[in-house]
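Some notes on the structure that comes next.
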């Protein structure tokens, strides 16, 4: 039987990729804010970019809400104004998006993301098979991911975002099927019309520039949400292995073999990734090997698992793929939407706003996190991205494919996999030196995902699930590193201010009691979301993420923190739609 908590057990696969959160760029200093106030326009803050040397990220991000006269960007604009601005900002960079991607790092990113993106697609397909009595399955999820991903990679404004199924949308689809079955409604016809109305609502959002609401999100939202998905991934990955020891249908030998294989995979990924920071060999070679760490780790885990299975006579559960490109049930690929009764077409408008909210929240929170990543030099394109998402939603709805949107875990990992870093010898902290911003990686990635169900099915079917659990656990651990919120969690246990770590910039910005109070507030929010995600109210999950913004605003308005303290702890992260990057 299907339950909402099942989706969030599977979301560990999707959440896996939060490794990306290692590199969140988190805003400009108070000095930069004074430039925003004094400026007459957004471009006045950014200045004229020097060819080959784009202006610094802090200035670009501090300017997002500034228009001519220094007024904030309105939440709603005249029709197509936001889309035109996005086209003006990203259009001249389109060719450069492809030129930048011709590098070994892009190849490493594709290999890395392929396994991480395909496994969640298959896993969500398994959940949908159970939730919809076999009407939707892995075939539909893979095709939706591949087709939507290719279109988005070619046409969108911010190609660093990756489209995929998400836990909240899968949950909504399951509830929709249950409702259709209860009232005897045609599932695919109802699904198509809900998707069409949702697409229209998202198009209205894009045309009116309503994604400007994203400016009310701050680092508080980013880090708390990123911490949640990282924790989900670590806990759920570990739980999958641990529960094997308590399953009477699984032998202790198989359980121990799965645990050892997962540990070897995770340990290999950590060791290979850390090779980047070793003193051995040329830096370029070290970085190249480190970029392929997850791919190498999967290969090592597979060989180790095969050795164990051969010596101890057991068989691992392997990655499952659909047998063909046919739909999960006998039906045409295109739904006859006109055959649906008129009253169903109109009634489908009622649940569409909830679906639109889910897609809006997932899409904009993810693109905000992507645009806030350190090292990105090109501007975001919220309205243009929403425009294409609305059209992709219409296509998937009519074809009976699952709805997709920008996935936080896939997108941030995509950014991280294309990020160059170096270690600061003074503090030991990693510093981002640049990001390869390209369309090649999402384009090739999604083409491979689509081709996998035809050409790579036999090979992929040999990968043990415990290997994927090990690699996902590694990614969860990696995601926790670099998250300032999680770094501050340890500081809440410190009682002597003199013992504060010298490497933290917060040690000189706020007092220890203030730091503890702010961190405890984030911990409380994280705990509430953790509880909700596994409760019958799991559909409220996206709404709770949106509520992080108001919680942060209330904390400031209520006087819990001074403005100076909030400037240090929770700087606002934004992008300048008027900034134009010029390639060398």
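Numbering (the numbering used here), first residue to last: 61 to 644. Ideal Cβ positions, reconstructed from N, Cα and C, are used throughout, including at glycine.
Inset, instruction - May I have the straight-line CA-CA distance separating residue 623 from residue 616, to the nearest angstrom? - result: 7 Å
Inset, instruction - Tell me, please, whether the region 274-287 touches the region 580-590 by the rule of three or more beta-carbon pairs shorter than 8 Å. - result: yes
Legend entry - In DSSP terms, what residue 482 is bridged to: 491
Inset, instruction - For residue 343, count neighbouring Cβ atoms within 10 angstroms of its own Cβ and tell me buried if that reaches 16, exposed if not. - result: exposed
Inset, instruction - Helix, strand or coil for residue 378, going by three-state DSSP, please let me know. - result: strand
Inset, instruction - Compute every distance between the C-beta of residue 321 and the non-hydrogen atoms of the ligand MN, then say whether any falls below 7 Å. - result: This structure does not include the ligand MN; it has no bound ligands of any sort.
Inset, instruction - Kindly indicate which residue of 595, 230, 270 has the alpha-carbon position closest to the one of residue 140. - result: 270
Inset, instruction - Give a yes or no on contact between the region 316-328 and the region 352-371, applying the rule of three or more CB pairs nearer than 8 Å. - result: yes
Legend entry - Where residue 354 sits in the DSSP three-state scheme: helix
Inset, instruction - To the nearest angstrom, report how far apart residue 393 and residue 203 are at their CA atoms. - result: 11 Å
Inset, instruction - Give the range of the alpha helix (DSSP H) segment to which residue 553 is assigned. - result: Note, residue 553: premise wrong, no alpha helix (DSSP H); not H, not E.
Inset, instruction - Compare the Cα-Cα distances from residue 138 to each of 550, 173, 264, 425 and report the closest residue. - result: 264
Inset, instruction - Enumerate in chain order the residues of its own chain whose CB-to-CB distance from residue 82 is below 7 Å, with the five nearest sequence positions on each side excluded. - result: Reliability of the predicted coordinates at residue 82 is poor, the pLDDT of 28 falling under 50, and the value obtained from them is presented with this limitation in mind. Only 476, 538, 539, 541, 542 meet the Cβ criterion.
Legend entry - Proximity of residue 168 and residue 502 at Cβ, strictly below 8 Å: no
Inset, instruction - Drop a sphere of 10 angstroms on the beta-carbon of residue 328, count the other beta-carbons inside from all chains shown, and report buried for 16 or more, exposed for fewer. - result: buried
Legend entry - residue 312 - containing alpha helix (DSSP H), residue span: 312-334
Legend entry - residue 436, DSSP secondary structure in three states: coil
Inset, instruction - Give a yes or no on contact between the region 228-245 and the region 417-434, applying the rule of three or more CB pairs nearer than 8 Å. - result: yes
Legend entry - Alpha-carbon spacing of residue 173 relative to residue 338, whole angstroms: 24 Å
Legend entry - Whether residue 317 touches residue 374 by CB criterion (8 Å): yes
Legend entry - Closest by C-alpha distance to residue 402, when choosing among 471, 250, 236, 350: 250
Inset, instruction - Taking 8 Å as the threshold, find out whether the region 429-439 comes into contact with the region 145-161 through three or more Cβ pairs. - result: yes
Legend entry - Three-state class that DSSP yields for residue 502 in the structure shown: helix
Legend entry - Other residues of its chain near residue 298: CB distance less than 7 Å, five sequence neighbours each side excluded: 533
Inset, instruction - Ignoring anything shorter than 3 residues or poking outside the region 401-469, list the beta strand (DSSP E) runs there in chain order. - result: none
Legend entry - With 16 other Cβ atoms within 10 Å as the buried cut-off, status of residue 258: buried
Inset, instruction - Thinking residue 199 and residue 513 are a contact (beta carbons under 8 Å), I'd like their distance in whole angstroms, please. - result: 7 Å
Legend entry - Where the alpha helix (DSSP H) through residue 516 begins and ends: Unbroken run through residue 516: none, as it is neither H nor E.
Inset, instruction - Give the secondary structure of residue 196 by DSSP, where H, G and I count as helix, E and B as strand, and everything else as coil. - result: coil
Legend entry - DSSP beta-bridge partners of residue 390: DSSP output for residue 390 lists no bridge partner at all.
Legend entry - residue 98 versus residue 148: straight-line alpha-carbon distance, rounded: Only weak support is given to the placement of residue 98: the predicted model assigns it a pLDDT of 37, under 50, and the value that follows is read from those uncertain coordinates. Cα to Cα, residue 98 sits roughly 25 Å from residue 148.
Legend entry - Anticipated Cβ contact below 8 Å, residue 261 with residue 466, distance rounded: Not confirmed; about 17 Å, so no contact.
Inset, instruction - Assign residue 424 to buried or exposed, taking buried as 16 or more other Cβ atoms, counted over all protein chains shown, within 10 Å of its Cβ. - result: buried
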